[in-house]
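K.L.:
There are 6 protein chains.
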Amino acid sequence: MSFNQPLGGNEMPRFGGPATMMRLPSAADAAGLDACFVGVPLDTATSNRAGARFGPREVRAQSSLLRPFNLGTGAAPFESLQVADVGDVAINTYNVEDSVRRIRLAYQQLLAHRVVPLTIGGDHLITYPILQAIAQKHGPVALVHVDAHADVNDTMFGEKLAHGTPMRRAFEDGLLLPKKTFQIGLRGSGYSPDDFNWSRSRGFTVVTAEECWDSSLEPLMQRVFNRIGDDAAAGMRRALNP
Amino acid sequence: MSFNQPLGGNEMPRFGGPATMMRLPSAADAAGLDACFVGVPLDTATSNRAGARFGPREVRAQSSLLRPFNLGTGAAPFESLQVADVGDVAINTYNVEDSVRRIRLAYQQLLAHRVVPLTIGGDHLITYPILQAIAQKHGPVALVHVDAHADVNDTMFGEKLAHGTPMRRAFEDGLLLPKKTFQIGLRGSGYSPDDFNWSRSRGFTVVTAEECWDSSLEPLMQRVFNRIGDDAAAGMRRALNP
Amino acid sequence: MSFNQPLGGNEMPRFGGPATMMRLPSAADAAGLDACFVGVPLDTATSNRAGARFGPREVRAQSSLLRPFNLGTGAAPFESLQVADVGDVAINTYNVEDSVRRIRLAYQQLLAHRVVPLTIGGDHLITYPILQAIAQKHGPVALVHVDAHADVNDTMFGEKLAHGTPMRRAFEDGLLLPKKTFQIGLRGSGYSPDDFNWSRSRGFTVVTAEECWDSSLEPLMQRVFNRIGDDAAAGMRRALNP
Amino acid sequence: MSFNQPLGGNEMPRFGGPATMMRLPSAADAAGLDACFVGVPLDTATSNRAGARFGPREVRAQSSLLRPFNLGTGAAPFESLQVADVGDVAINTYNVEDSVRRIRLAYQQLLAHRVVPLTIGGDHLITYPILQAIAQKHGPVALVHVDAHADVNDTMFGEKLAHGTPMRRAFEDGLLLPKKTFQIGLRGSGYSPDDFNWSRSRGFTVVTAEECWDSSLEPLMQRVFNRIGDDAAAGMRRALNP
Amino acid sequence: MSFNQPLGGNEMPRFGGPATMMRLPSAADAAGLDACFVGVPLDTATSNRAGARFGPREVRAQSSLLRPFNLGTGAAPFESLQVADVGDVAINTYNVEDSVRRIRLAYQQLLAHRVVPLTIGGDHLITYPILQAIAQKHGPVALVHVDAHADVNDTMFGEKLAHGTPMRRAFEDGLLLPKKTFQIGLRGSGYSPDDFNWSRSRGFTVVTAEECWDSSLEPLMQRVFNRIGDDAAAGMRRALNP
Amino acid sequence: MSFNQPLGGNEMPRFGGPATMMRLPSAADAAGLDACFVGVPLDTATSNRAGARFGPREVRAQSSLLRPFNLGTGAAPFESLQVADVGDVAINTYNVEDSVRRIRLAYQQLLAHRVVPLTIGGDHLITYPILQAIAQKHGPVALVHVDAHADVNDTMFGEKLAHGTPMRRAFEDGLLLPKKTFQIGLRGSGYSPDDFNWSRSRGFTVVTAEECWDSSLEPLMQRVFNRIGDDAAAGMRRALNP
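For the record, the sequence lines run as chains H, X, W, L, P and B.
Taking our numbering, the leading residue of the first sequence gets 5, the next gets one more, and so forth.
Taking our numbering, the leading residue of the second sequence gets 5, the next gets one more, and so forth.
Taking our numbering, the leading residue of the third sequence gets 5, the next gets one more, and so forth.
Taking our numbering, the leading residue of the fourth sequence gets 5, the next gets one more, and so forth.
Taking our numbering, the leading residue of the fifth sequence gets 5, the next gets one more, and so forth.
Taking our numbering, the leading residue of the sixth sequence gets 5, the next gets one more, and so forth.
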């Protein structure tokens with residue numbers, strides 16, 4: 005079997021041709037794919053600057069520079085995986101709640117196939133409906149969440165659905181395995197002396213940005229791997245051989 | 005009586021000092037004001053590019069260059085009117101419907117005073133709740149609407165509240181006097197052979213951009229004035245001498 | 005028969021979905037199409053600022069705002085024509101001469117079908133190979149060329165192929181009907197007292213920018229129409245009913 | 005005699021080579037020149053946004069696109085005039101008063117030759133010391149001043165020297181012929197009902213922007229020409245044949 | 005007693021509301037405040053690029069993202085301090101010397117209260133008049149100066165007051181305790197083999213950027229603390245309990 | 005003998021005066037110079053984003069901030085070397101092959117003098133003709149190449165001359181001493197499992213970006229110095245004392 009390959013720079017200049025992710029072929033759905041790129045252009049759940057709605061389009065445009073082999077890690081994904089770009093979820097830009105429903109449905113349709121979806125956002129709220137669809141298929145999951153903020157607010161401006169609440173919603177819905185949930189890189193200013201206490205009290209592992217500075221990240225990654233490596237491998241097997 | 009004056013460029017450089025509209029004083033509410041500037045930083049009802057949420061802040065910053073007399077028209081508003089900047093409406097950036105409610109309430113509070121509000125947006129949906137508050141106080145009103153689009157869609161993406169629907173909502177709620185409603189500057193591409201038919205069929209006067217090109221706008225303005233000049237004068241008197 | 009329609013803003017937000025021209029479907033070639041959009045991302049023939057290589061991509065992205073009906077002219081192209089976006093010509097960004105060959109070949113392939121191609125450039129040199137392919141099929145053609153410059157230099161920096169030479173090359177190759185060639189909008193500074201003499205001496209009609217200022221363009225368009233209207237209609241018939 | 009010519013785009017690409025005005029040769033002083041370009045990078049007399057200090061550099065960079073003949077007017081300056089770029093005046097960016105002195109001295113040195121200087125600014129205050137040097141040599145002069153503002157303030161922030169005061173200073177110093185002074189394009193908002201009264205009361209001819217809109221500028225230019233055409237011609241003869 | 009709190013993101017979106025520093029209340033003067041933010045929009049003492057005049061406005065706008073607790077350090081300033089934004093000093097943008105006088109006077113007025121001022125600049129010259137006002141009240145002070153440049157030039161372009169001279173002026177006026185003056189981060193190119201010798205010869209402690217690279221800054225901060233920690237604590241007590 | 009000195013910021017503000025490299029004098033050729041700055045504004049050999057054609061102009065503009073002494077290293081180049089800016093090579097922006105020829109010729113002319121040229125590019129292809137001219141004079145040379153890419157492709161889009169091929173061309177022409185060629189900083193994605201094998205197989209020393217991260221670069225620089233320090237010193241002597 006031969007796998008989809010990124011359109012090469014010697015066939016079409018990198019500034020031309022279809023602006024799909026990594027210049028991979030488009031696909032109408034996830035049938036027959038091992039992995040798929042999918043865009044979720046939602047940014048109406050942000051509290052300050054909007055614009056991530058153009059994220060999927062711009063990330064794809066910039067990805068035209070990527071070539072198939074990673075010379076640092078040796079990764080050669082297109083030697084053994086069938087990957088395509090399945091386009092964007094049609095979010096409802098006027099209605100956050102309906103967008104959450106639309107994202108969940110779109111991922112349920114994707115996950116009806118044996119695919120691993122890779123998402124291009126979009127603001128952080130999109131994590132919640134994606135986790136809903138994943139947990140519906142696979143049960144609660146481990147999570148490695150790299151972010152400046154814990155996103156565990158109960159509400160923002162009185163709303164349950166905002167870019168600062170998805171991890172709380174996911175916990176409440178039982179979508180996460182708390183002992184296998186890592187929040188890495190948390191930092192900055194907050195509304196209370198310790199905005200990270202909620203995460204810790206639910207059993208999440210919190211690693212602040214300060215703990216990451218000026219030292220190798222390898223021991224941290226080893227801790228993560230020890231805790232969830234087996235799950236990840238099993239999950240990947242399950243995803244690709246359902 | 006002395007009236008609020010814009011902070012002069014010889015008292016504080018134009019790049020310093022409080023960035024209120026035209027460098028007028030701030031006011032906590034509209035009490036005692038003839039006119040007030042108010043910002044409505046909503047942009048989550050737009051269909052393409054967001055960013056108008058920063059409109060009130062940036063319009064105010066740029067307005068620091070304005071001086072009190074208009075040398076072309078002779079207008080001298082601060083010789084006879086008490087004007088201040090009453091700040092922004094606290095819209096709910098995660099929820100368009102709730103924002104509409106919040107804007108309506110904020111204008112109801114402003115209009116409890118004898119003030120004429122001047123709005124800095126924000127996307128076009130904000131016109132609807134502002135008209136709701138105005139009509140609640142004054143009854144249906146004349147409207148001069150200068151825009152590229154008629155904004156009379158029934159729904160956008162299935163939603164009744166979006167930046168392309170406010171004139172339809174206003175008509176349905178009986179907030180407008182159709183014979184005294186002008187839509188000026190309409191142009192561009194549309195979803196049907198004539199997107200402006202709805203407006204015309206309801207009695208609005210439609211003046212396309214093409215009709216405005218390459219000729220004086222004075223005859224058009226005279227038409228508008230003939231139709232609604234008396235109403236405007238009466239309305240202004242009513243607003244300022246309730 | 006039903007025709008391709010632009011993807012509507014109520015099906016997919018305008019900032020999402022495939023960034024084809026006017027959100028039309030993609031097509032692998034011109035078979036079955038009445039008209040096609042094609043990008044030619046060449047900018048290595050420019051004498052000063054490059055960047056038009058990103059022109060096709062960016063024009064497509066901005067075209068997402070277009071809707072199917074032109075409300076000013078009444079044009080409804082997608083009611084009677086099958087249109088799609090056939091993507092970009094794979095120009096050779098390191099070699100102008102080879103790019104000219106590649107563009108000519110690509111248009112020969114397109115014109116093997118009964119299609120009318122609509123080009124998104126790219127710098128002005130691309131006009132030459134496009135005219136080569138068109139004249140090969142249809143014979144010499146009328147041309148309405150709207151530009152600040154006549155682009156009739158013999159050479160630039162000693163090169164025959166540059167963005168200031170395509171009209172001279174086209175004339176020399178007999179691709180144009182000089183009596184039916186209009187150059188409209190010429191202006192600016194030049195290398196000799198009258199850079200436009202060459203055009204006039206070959207029989208082209210030159211209309212400078214100064215002649216267009218401050219007056220209606222309708223008489224000019226009528227002149228153009230009187231001279232080439234029959235040819236254009238015949239050409240269009242020939243193109244679509246070969 | 006042969007005259008300096010702009011460096012041609014076929015000798016050096018327009019993005020390369022020395023960034024002098026119009027790609028003319030540099031000259032250490034004005035000796036032997038009929039006209040010279042000179043930069044005055046002062047912007048510390050502006051009341052709001054600075055940046056014109058980079059004006060001379062950027063205007064020169066953009067001027068690389070200019071070619072020697074004006075195809076609209078037929079002007080061919082480099083057929084009969086010796087022109088060069090004499091560089092920038094070393095203004096004192098920390099001290100407006102000293103900068104005025106330095107500009108005046110620099111123009112006195114230039115005008116010791118029979119040259120006509122063409123200035124690239126810089127903010128509007130620089131007009132004052134340039135007029136000082138010109139009037140010292142030629143006596144009071146006619147002036148055609150195209151601007152949005154009259155620049156006739158007595159002081160700004162208590163200072164006599166600012167970008168809004170040069171025309172007042174020039175009048176007070178007797179540098180202008182008031183009956184031959186035109187201020188064209190005045191508009192906007194001001195500090196008093198008529199900021200232009202001062203100009204009119206001193207005998208200047210004021211033409212507001214409103215008077216220029218929507219009509220040919222030829223009658224206005226004819227008025228200017230009738231009033232000062234003879235002076236201009238005489239002055240030019242005097243400048244070039246002292 | 006309750007302290008001023010930053011306006012929360014759940015009361016007013018961060019892109020709306022008054023653009024004060026950290027969204028704190030405005031205050032007309034420093035009465036009753038423990039600390040105050042004050043803007044000094046001077047940039048006419050810079051030698052190259054201007055623009056810092058907009059610094060106070062833009063820093064305030066960006067500060068709208070800050071929340072009251074620092075999750076990394078545990079700092080909770082608004083639990084025990086009364087803080088407000090007292091606005092900008094009305095500098096004279098046309099006259100550096102008068103601006104220095106105005107800044108000194110403004111800080112003398114602020115320091116007539118028991119407040120600690122926190123300044124948003126502005127170019128580096130503003131340090132000099134601020135130190136004048138501080139030393140007038142408290143006597144010579146310790147200084148921790150983090151900068152690429154020592155700012156100890158005698159003159160720039162012949163001027164005593166420029167953004168490269170404030171530390172020299174402060175030393176000459178006896179405003180500093182040289183043994184307790186640290187200049188940290190000095191680097192770059194200079195006018196003589198060692199531009200930092202002047203600082204060292206006056207007893208300042210100079211720490212170059214090279215000494216800071218690739219190592220923890222804690223030992224350096226400990227050195228600073230050992231030398232001036234007691235003074236700082238005493239000074240803070242004195243400032244807040246005069 | 006006295007050496008050229010950068011124009012000081014106390015003689016002419018840094019935003020004014022001629023925009024030569026480091027504000028050094030211009031020179032028509034390299035006669036009498038120890039080192040010269042030369043611009044090569046070629047960017048038509050790039051595979052994605054163009055713009056480096058403006059590199060020489062912009063690097064010079066920004067270099068106006070440099071002063072003659074490096075306070076970190078103690079370097080004082082203008083105490084013992086005669087340096088000037090010899091301007092730009094007139095590349096042919098429409099023809100990569102001719103540009104390579106022009107660059108080679110320009111460097112042959114420079115190297116007819118005893119000068120060390122310092123180049124401001126421009127894209128990476130320019131290294132090839134520069135090395136041609138250098139090797140013609142000095143024989144094969146050592147090379148320290150710091151880049152993300154090895155630039156050792158055989159062809160790009162079928163072309164031998166492109167920004168990804170110069171090191172291969174240089175090797176093939178025998179311009180390099182492979183054992184004394186270092187490629188430092190290589191990283192990223194590639195077209196094959198190991199794009200760096202070609203370099204290694206020819207004897208180049210490859211140091212990937214990963215090997216440079218999180219550690220001192222001094223041991224690496226010591227390795228380079230041990231291998232080519234003697235050659236560099238000899239080459240410098242040869243260049244300056246031919």
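For every residue, glycine included, the Cβ atom is placed at its ideal position computed from N, Cα and C.
Can you give the beta carbon distance from X:Val156 to X:Trp202, rounded, assuming they're within the 8 Å contact cut?
P.N.:
Confirmed, Cβ separation roughly 5 Å.
K.L.:
Along the chain, which unbroken stretches of the alpha helix (DSSP H) at least 4 residues long are found entirely within the segment 81–168 of chain L?
P.N.:
Listed in chain order, they are 100–115, 131–142.
K.L.:
Is there at least one Cβ from chain L nearer than 9 Å to X:Asn8's Cβ?
P.N.:
Not closer than 9 Å to any Cβ of chain L, the Cβ of X:Asn8 fails to qualify, so no.
K.L.:
Judging by CA-CA distance, which residue of X:Val93, X:His167, X:Phe82, X:Leu135 is the nearest neighbour of X:Leu181?
P.N.:
Selected option, being the one with the closest Cα: X:Leu135.
K.L.:
Any Cβ of chain L within less than 9 Å of the Cβ of P:Tyr98?
P.N.:
At least one chain L Cβ lies under 9 Å of P:Tyr98.
K.L.:
Taking only beta carbons into account, state which residues of the segment 30–59 of chain B come closer than 8 Å to chain H, listed in chain order.
P.N.:
Cβ contacts with chain H: Ser51, Asn52, Arg53.
K.L.:
Between which two residues does the alpha helix (DSSP H) containing X:Gly43 stretch?
P.N.:
That residue, X:Gly43, is in no alpha helix (DSSP H); its beta strand (DSSP E) goes 39–44.
K.L.:
Would you kindly report the start and end of the unbroken beta strand (DSSP E) that includes W:Gly189?
P.N.:
Its beta strand (DSSP E) spans residues 180–190.
K.L.:
Tell me whether the segment 31–48 of chain B and the segment 126–143 of chain B touch, counting them as touching only if at least three CB pairs, one residue from each stretch, are closer than 8 Å.
P.N.:
Verdict: yes, contact present.
K.L.:
Got a sec: which bits of the segment 191–209 of chain P sit with their beta carbon under 8 Å from any beta carbon on chain B, in order along the chain?
P.N.:
Within the segment 191–209 of chain P, the residues whose Cβ lies closer than 8 Å to some Cβ of chain B are Arg191, Gly192, Ser193, Gly194, Tyr195, Ser196, Pro197, Asp198, Asp199, Phe200, listed in chain order.
K.L.:
Under DSSP, the alpha helix (DSSP H) around W:Ala32 begins and ends at which residues?
P.N.:
Per DSSP, W:Ala32 belongs to no alpha helix (DSSP H) and is neither H nor E.
K.L.:
Taking a contact to mean a Cβ-Cβ separation below 9 Å, would you say P:Gly21 touches P:Ile124 in this structure?
P.N.:
Cβ distance not < 9 Å, so P:Gly21 and P:Ile124 don't count as in contact.
K.L.:
Under 8 Å Cβ to Cβ from W:Pro10, same chain only, skipping five residues before and after it: list those, please.
P.N.:
Result list for W:Pro10: Met26, Arg27, Leu28, Leu70, Arg71, Pro72, Phe82, in chain order.
K.L.:
Are the Cβ atoms of H:Ala23 and H:Val100 separated by less than 9 Å?
P.N.:
Contact flag unset, no.
K.L.:
Using three-state DSSP, classify W:Gly194 as helix, strand or coil.
P.N.:
Correct three-state label for W:Gly194: strand.
K.L.:
Applying the criterion that 16 or more other CB atoms from any shown protein chain within 10 Å of the CB defines a buried residue, is W:Asp234 buried or exposed?
P.N.:
Classification for W:Asp234: exposed.
K.L.:
If we count the other Cβ atoms within 10 Å of its Cβ and call it buried at 16 or more, is L:Gln187 buried or exposed?
P.N.:
Buried.
K.L.:
Helix, strand or coil: how does DSSP classify H:Asn8 here?
P.N.:
Coil at H:Asn8, not helix or strand.
K.L.:
Measure from the C-beta of H:Gly126 to each C-beta in chain X and report whether the shortest distance is under 9 Å.
P.N.:
Cβ-Cβ to chain X under 9 Å: no for H:Gly126.
K.L.:
Can you have a look at H:Glu222 and say buried or exposed, based on whether 16 or more other CB atoms are within 10 angstroms of its CB?
P.N.:
So H:Glu222 ends up on the exposed side.
K.L.:
Going along chain X in order, which residues have a C-beta closer than 7 Å to the C-beta of H:Ala166?
P.N.:
Under the 7 Å cutoff, chain X gives Tyr98.
K.L.:
Do we get a CB-CB distance below 9 Å when we pair L:Phe161 with the residues of chain P?
P.N.:
Interface residue, yes.
K.L.:
Can you pull out the residues from the segment 76–90 of chain L whose beta carbon lies closer than 8 Å to at least one beta carbon of chain W?
P.N.:
Under the 8 Å Cβ criterion, the segment 76–90 of chain L contributes Gly76, Gly78, Ala80.
K.L.:
For W:Glu214, which residues in chain L fall below 7 Å Cβ to Cβ?
P.N.:
Neighbours of W:Glu214 on chain L, chain order: Gly76.
K.L.:
Check whether the Cβ atoms of X:Val210 and X:Ala154 lie closer than 9 Å to each other.
P.N.:
Closer than 9 Å, so yes.
K.L.:
In terms of residue numbering, what span does the beta strand (DSSP E) encompassing W:Thr317 cover?
P.N.:
The structure shown does not extend to residue 317 of chain W, since chain W is modelled only from 5 to 246, so the question has no answer here.
K.L.:
Does any residue of chain B bring its CB to less than 9 Å from the CB of W:Asp102?
P.N.:
Yes, contact with chain B.
K.L.:
So X:Gly17 contacts chain L; which residues on that side make the cut at Cβ distance below 9 Å?
P.N.:
What sits at residue 17 of chain X in the sequence shown is Pro, not Gly. In chain order: Ser51, Asn52, Phe161.
K.L.:
My output table needs one value for W:Asn74: the three-state DSSP class, helix, strand or coil.
P.N.:
In the structure shown, W:Asn74 sits in a strand (DSSP, three-state: E or B).
K.L.:
W:Pro170 lies in the alpha helix (DSSP H); which residues open and close that run?
P.N.:
Taken as a continuous stretch (DSSP letters only), the alpha helix (DSSP H) holding W:Pro170 covers 170–176.
K.L.:
Starting from X:Pro60, follow the alpha helix (DSSP H) in both directions and report where the run begins and ends.
P.N.:
It spans 59–66 - the alpha helix (DSSP H) in which X:Pro60 sits, taken as one unbroken run.
K.L.:
Of all the CB atoms in chain L, is at least one closer than 9 Å to the CB of B:Val93?
P.N.:
For B:Val93, the answer is yes, since a Cβ of chain L falls inside 9 Å of its Cβ.
K.L.:
Mind pulling the chain B residues with CB within less than 7 Å of L:Gly21?
P.N.:
Within chain B, the residues near L:Gly21 are Gly91, Asp92.
K.L.:
Taking the alpha-carbon of L:Ala213 as reference, which of L:Leu129, L:Thr169, L:Phe200, L:Ser205 has the nearest alpha-carbon?
P.N.:
For the residues L:Leu129, L:Thr169, L:Phe200, L:Ser205, the minimum Cα distance to L:Ala213 belongs to L:Phe200.
K.L.:
Between H:Asp151 and chain P, is any beta-carbon pair separated by less than 9 Å?
P.N.:
No, no contact with chain P.
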